[in-house]
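Asker: If you count the sequence shown from 1, you need to add 4 to reach this note's numbering.
Note that beta-carbon positions come from the ideal geometry of N, C-alpha and C, so glycine has one too.
Below is a structure I'd like to ask you about.
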Amino acid sequence: MRRRFAFRAASKVSLASWALLDHLSGIMRPDKPLPARQRPRFPRREGILTDRMRAMPVVLVLFVACLIPELILSGADYGLWGDPGWRLWAWQHGGFWTGLLGNWRPNYAAQPWLMFLTYGFLHGGMIHFGVNMLTLFSLAPPLVERMGQGRFLLLYMASMIGGGLGFALLSQSPQPMVGASGALFGLAGAVMALSWQYLRARGESLRPVIRSLLWLAGLNLVLWWAMSGMLAWETHLGGFVVGWLMGLWLVRDGR
Numbered sequence: 005m006r007r008r009f010a011f012r013a014a015s016k017v018s019l020a021s022w023a024l025l026d027h028l029s030g031i032m033r034p035d036k037p038l039p040a041r042q043r044p045r046f047p048r049r050e051g052i053l054t055d056r057m058r059a060m061p062v063v064l065v066l067f068v069a070c071l072i073p074e075l076i077l078s079g080a081d082y083g084l085w086g087d088p089g090w091r092l093w094a095w096q097h098g099g100f101w102t103g104l105l106g107n108w109r110p111n112y113a114a115q116p117w118l119m120f121l122t123y124g125f126l127h128g129g130m131i132h133f134g135v136n137m138l139t140l141f142s143l144a145p146p147l148v149e150r151m152g153q154g155r156f157l158l159l160y161m162a163s164m165i166g167g168g169l170g171f172a173l174l175s176q177s178p179q180p181m182v183g184a185s186g187a188l189f190g191l192a193g194a195v196m197a198l199s200w201q202y203l204r205a206r207g208e209s210l211r212p213v214i215r216s217l218l219w220l221a222g223l224n225l226v227l228w229w230a231m232s233g234m235l236a237w238e239t240h241l242g243g244f245v246v247g248w249l250m251g252l253w254l255v256r257d258g259r
């Protein structure tokens, strides 16, 4: 492989996710009570700091799992330690390569399977990492509040795998794909699915969710154009679909 190459970014939608969360969490404010099994447990906006504290254990683990490799690779990029080639090595061994599902030879036997997870803990640099982690901290609290720590982690990992599946099925790119946004779009999908479910249970208009869905799709289109086609929209779509389905499944018992 060449020493320098471009990468497809599962990337950069924190401002979108903040607005999405603020808008959809505002839906979760009933002015008349629902039956206990239908009552949402999304946080009110004024309690968001408390809810973030509750979400910290599982979210902190995910944050650190992304932070450690990025610190190591960024330090090597700037010559603080190691070799600038470390990031290339990490992408070669941990990025998502569609060719490995075909006739490419893997660097190690399990790589074609493990890359469905490892790509989500690597990033293209500190800015890519930072924006994705801001997105994580903005989307996680209402979902942890609703699902609990274990189910949230299951949602996150399943969405990451779903993002890899989307990229594998829809992309023919020879470049590696890295970034946490497959999982993050899964979180957004779960938030929107539960908002959709809640509005239907109350017999209210679904237009707020539809509007948010169209806005998110439009934002992806703009970013794809702005990044000259280097946005891994396939990963976003795969993660979103799996997150939507998993979100409904994980709260099917009325929790």
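Alpha carbon to alpha carbon, how far is Ala172 from Pro146?
Answerer: 30 Å
Asker: Buried or exposed: where does Ala144 fall if 16 or more other Cβ atoms within 10 Å of its Cβ makes it buried?
Answerer: buried
Asker: Asn224 lies in the alpha helix (DSSP H); which residues open and close that run?
Answerer: 211-230
Asker: Which residue or residues does DSSP assign as beta-bridge partners of Val255?
Answerer: Paired residues: none, contrary to the question.
Asker: Using DSSP's beta-bridge definition, name the partner residues of Phe100.
Answerer: Met181
Asker: Are there three or more Cβ pairs, one per stretch, closer than 8 Å when the segment 165-182 is compared with the segment 200-218?
Answerer: no
Asker: Alpha helix (DSSP H) containing Phe133: first to last residue?
Answerer: 130-151
Asker: Does DSSP classify Leu157 as helix, strand or coil?
Answerer: helix
Asker: I'd like the list of long-range same chain contacts for Met151, defined as Cβ closer than 6 Å, with 5 residues on each side in sequence excluded.
Answerer: Leu254
Asker: Would Gly183 and Tyr160 qualify as a contact pair, given that the criterion is a beta-carbon distance under 8 Å?
Answerer: no
Asker: Would you decide whether Trp101 is buried or exposed? Buried here means 16 or more other CB atoms lie within 10 Å of its CB.
Answerer: Counting C-beta atoms within 10 angstroms of its own C-beta, Trp101 has 16 or more neighbours from the protein chains shown and is therefore classed as buried.
Asker: Starting from the C-beta of Val245, find all residues in its chain whose C-beta is less than 7 Å away, skip the five residues before and the five after it, and write them out in chain order.
Answerer: Gly166, Gly193
Asker: My guess is that Met164 and Gly129 are in contact by the Cβ rule of under 8 Å, so how many angstroms apart are they, rounded?
Answerer: Actually they do not touch by this definition, with Cβ atoms about 20 Å apart.
Asker: Pop quiz: Val62 and Gln153 are said to be a contact at Cβ under 8 Å. What is the actual Cβ separation, rounded to whole angstroms?
Answerer: 4 Å
Asker: On the three-state DSSP scale, how would you describe Leu92?
Answerer: Shown here, Leu92 sits in a helix according to DSSP, grouped into three states.
Asker: Assign Val135 to one of two classes, buried (16 or more other C-beta atoms within 10 Å of its C-beta) or exposed (fewer than that).
Answerer: Counting Cβ neighbours within 10 Å, Val135 comes out buried, since at least 16 surround it.
Asker: Suppose contacts are defined by Cβ-Cβ distances below 8 Å. Is Met119 in contact with Gly98 by that definition?
Answerer: yes
Asker: From Arg206 to Ala197, what distance separates their C-alpha atoms?
Answerer: Whole-angstrom Cα-Cα distance: 14 Å.
Asker: Counting only the same chain and skipping the five closest in sequence on each side, list residues whose C-beta sits under 8 Å from that of Val226.
Answerer: none
Asker: Beta-carbon within less than 8 Å of Asp87's beta-carbon, same chain only, minus the 5 sequence neighbours each way: which residues are those?
Answerer: Ala80
Asker: Would you identify the three-state DSSP class for Leu126, choosing helix, strand or coil?
Answerer: coil
Asker: Which partner residues of Leu121 appear in the DSSP bridge assignment?
Answerer: BP columns for Leu121 are empty, so no partner.
Asker: If you drop the 5 nearest sequence neighbours on each side, which residues of the same chain put their C-beta closer than 7 Å to that of Gln201?
Answerer: Leu252
Asker: Given this structure, state the Cα-to-Cα distance separating Leu104 from Tyr123, to the nearest angstrom.
Answerer: 13 Å
Asker: Is the CB-CB distance between Leu71 and Leu140 below 8 Å?
Answerer: no
Asker: Distance, Cα to Cα, Phe9 vs Ala94?
Answerer: Reliability of the predicted coordinates at Phe9 is poor, the pLDDT of 49 falling under 50, and no value is obtained from them.
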